[in-house]
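Residue numbers (our numbering): 31 to 451.
Right, one structure below, let's go through it.
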RNA sequence: GUGGGCGUAGCUCAGCUGGUAGAGCACUCGGUUGUGGUCCGAGAUGUCGCGGGUUCGAGCCCCGUCGCUCACCCCA
């Protein structure tokens, strides 16, 4: 029989690393929760049309990276490549935008993009994201950025930076685009690069080749085209970030791949990650809701890549410590008959809220003690015929090695004892 | 999608110019009656990613394929 492998390019998390993955994800989620965001659990597949209209047909994500298929009813379905469009769809569909604004939600889950896999770039990857819809305050922009910043701080991440810029409003961007295209037309570029520029001229700012960088050095910057209102908004964001001690750099050449971004846009870049260095990014989107058939509300949000944050944390060596054990007690039965007694006691202790486990399988005492040690439980207890007839057993502190005799009936005595420590 | 590197025990890897595989860690057991972490000893484990080919003979050479990885590209 041939072995079945996981599909190409997916990331899987299993013990012991899954503990770190869970820790990273929970830290990101906690940061959203303390800012008053509520959870949203959405489908991983949506009507293909949602992403075409929401993310933009000309984007790489939509034009060549989506997992799209026909379901049994002949509908075109797509595995979600990002989170914002689905959130908007759901908010509109359930009239959340008709209530108190802003609507503030977070989500966490798997996303799918059919790209060539690489370290930090997977075909199924995990994101934690937030969206705040229905208010265009610069304070809200900063709140969203601060959530990500707070999460990274809580993890102890250091070697990253926050890039921000403003993409202005549609009118500013149109004016800038005219001049930028004019500038690019005067450049001597190869065919592939011209094709990229035709789809999105801003892309050329992102090119890594030196000759293109030099050629683009004098290109007109979108930041210089902002109208008064957009410029004022962006200044306020900068001031507030400064007041909150959130370091940032203005990167007028930042490029985002999703069409819906407007105004404040940002990206967290980690220094130890190689090519896939963006650990999170997001921005404001003014037209998205109305494009999807909802009210004309502005929103702002981000997506953080859990896989990449985990990679970054590992690269910085801040997750090397094994997490604290979840177990209070590890039980060991001396022989077959006492095993049943131990299993019942274990069950009762768990009912009483004690986090406990026991040695399974036919292991010698030495091996069972080793298992107790590996489990990380704070206490262990060996139970044999003697203990059962005496009605008490020695509770051993695995750190100090000290033991103490404790009654086995009722088990509440043991449970209370363990909870007090 | 394009180009480069790699794929040997659970993990990290060694294996010279082709002669049918090793180390460390981890794991299991033991060091005289029922207590782990250190130490000592013993043991198990691989269709050498998969499929073809060249050869008397391939982990080592060739082709294909799958996967990983790095860069481009893209973005989380």
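Virtual Cβ for every residue (Gly too), placed ideally from N, Cα, C.
- Straight-line spacing of the CA atoms in residue 52 and residue 246 works out to 42 Å.
- The three-state secondary structure of residue 156, taken from DSSP, is strand.
- Following the DSSP letters along the chain, one finds residue 100 inside the beta strand (DSSP E) bounded by residues 97–100.
- Measuring C-alpha to C-alpha distances from residue 45 to each of 163, 405, 198, 174 identifies 405 as the nearest.
- When the beta-carbon positions are compared, residue 161 and residue 114 come within less than 8 Å of each other.
- Straight through space, the alpha carbons of residue 262 and residue 202 are spaced by roughly 14 Å.
- Per DSSP, residue 377 is not a residue of any beta strand (DSSP E); the alpha helix (DSSP H) it occupies stretches across 366–381.
- The C-beta of residue 274 has fewer than 16 other C-beta atoms within 10 Å across all chains shown, which makes the residue exposed.
- In this structure, DSSP gives residue 430 a state outside helix and strand, which the three-state scheme calls coil.
- Taking C-beta atoms as the reference points, residue 285 and residue 233 count as a pair closer than 8 Å.
- Taking the Cα positions, residue 308 is about 22 Å away from residue 170.
- Secondary structure of residue 242 (DSSP, three-state): helix.
- With a cutoff of 8 Å on beta-carbon distance, residue 138 and residue 59 are scored as near each other.
- At the C-beta level, residue 317 and residue 290 come within 8 Å of one another.
- The Cβ atoms of residue 251 and residue 282 sit closer than 8 Å to each other.
- In the structure shown, the three-state DSSP call for residue 233 is helix.
- Assignment of alpha helix (DSSP H) within the stretch 312–360, counting only whole runs of 4 or more residues, yields 318–321, 336–345 in chain order.
- Put simply, the backbone Cα of residue 87 is about 15 Å away from that of residue 225.
- A residue is called buried once 16 or more other Cβ atoms fall within 10 Å of its Cβ, and residue 390, having fewer, is exposed.
- Of the other Cβ atoms in all chains shown, 16 or more fall within 10 Å of the Cβ of residue 50; this residue is therefore buried.
- Shown here for residue 214: same chain residues with a beta carbon closer than 7 Å to its own, the five before and five after excluded, namely 227, 231, 234 in chain order.
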